[in-house]
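K.L.:
Residue numbers (the working numbering): 6 to 135. Don't be surprised by glycine CBs; every beta carbon is placed ideally from N, CA and C. One structure follows; several queries about it will come next.
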């Protein structure tokens with residue numbers, strides 16, 4: 006079912022979304038560098054007591070997980086900026102239909118329309134099921 010023009014992104018809005026995406030990209034790049042520095046410090050520090058070592062290992066694992074999520078977000082932001090450059094920003098990566106403006110306003114780096122995102126999440130839930 007086609008969507009109304011009122012809820013779709015207009016290319017005139019690209020600059021405001023680019024500004025938001027670039028700002029978030031810079032924050033993520035800085036945070037990733039901070040995480041790398043923290044992990045490097047943990048790797049280089051002298052061997053602590055066993056309980057302290059366990060705490061540091063848990064912190065390192067948490068930082069690495071955070072880093073992975075932020076790297077995915079950064080990848081999505083870079084892709085969104087590339088899509089602005091080629092004029093396809095605001096279209097779903099799966100079905101190529103327009104993504105609603107409300108969804109883009111909520112998450113400017115969004116790659117999928119709500120229908121495709123729901124399908125992807127459902128498939129992900131079922132992969133681990135028996």
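Leaving out five residues on either side along the sequence, give the residues of the same chain with a beta carbon under 7 Å from the beta carbon of residue 88.
P.N.:
94
K.L.:
Report the CB separation of residue 75 from residue 37 in whole angstroms; it is logged as a contact under 8 Å.
P.N.:
6 Å
K.L.:
Do residue 92 and residue 30 count as a contact pair if the criterion is CB distance below 8 Å?
P.N.:
no
K.L.:
Out of 130, 129, 33, 25, point me to the one whose CA is closest to residue 80's CA.
P.N.:
When only C-alpha atoms are compared, the closest one is 33.
K.L.:
What are the uninterrupted segments assigned as beta strand (DSSP E) that are 3 or more residues long and contained completely in the stretch 68-123, given in chain order?
P.N.:
Considered as a whole, the stretch 68-123 harbours no complete run of any beta strand (DSSP E) with no fewer than 3 residues.
K.L.:
Throw me the rounded Cβ distance for the residue 12 and residue 105 pair, which I believe falls under 8 Å.
P.N.:
Contact between residue 12 and residue 105 holds: their C-beta atoms lie close to 5 Å from each other, under 8 Å.
K.L.:
If residue 82 sits next to residue 26, beta carbons under 8 Å apart, how far is it from one beta carbon to the other, in whole angstroms?
P.N.:
5 Å
K.L.:
Do you know whose CA, among 43, 77, 96, lies nearest residue 19's CA?
P.N.:
Residue 96 holds the alpha-carbon nearest to the alpha-carbon of residue 19 among 43, 77, 96.
K.L.:
Cα-Cα, which of 100, 107, 113 is closest to residue 122?
P.N.:
100
K.L.:
Whole angstroms are fine: how far does the CA of residue 35 sit from the CA of residue 90?
P.N.:
Using only the alpha carbons, I get a separation of about 24 Å.
K.L.:
Suppose you measure from the CA of residue 86 to the CA of residue 102; what does that come to, to the nearest Å?
P.N.:
Spanning the two alpha carbons is a distance of roughly 18 Å.
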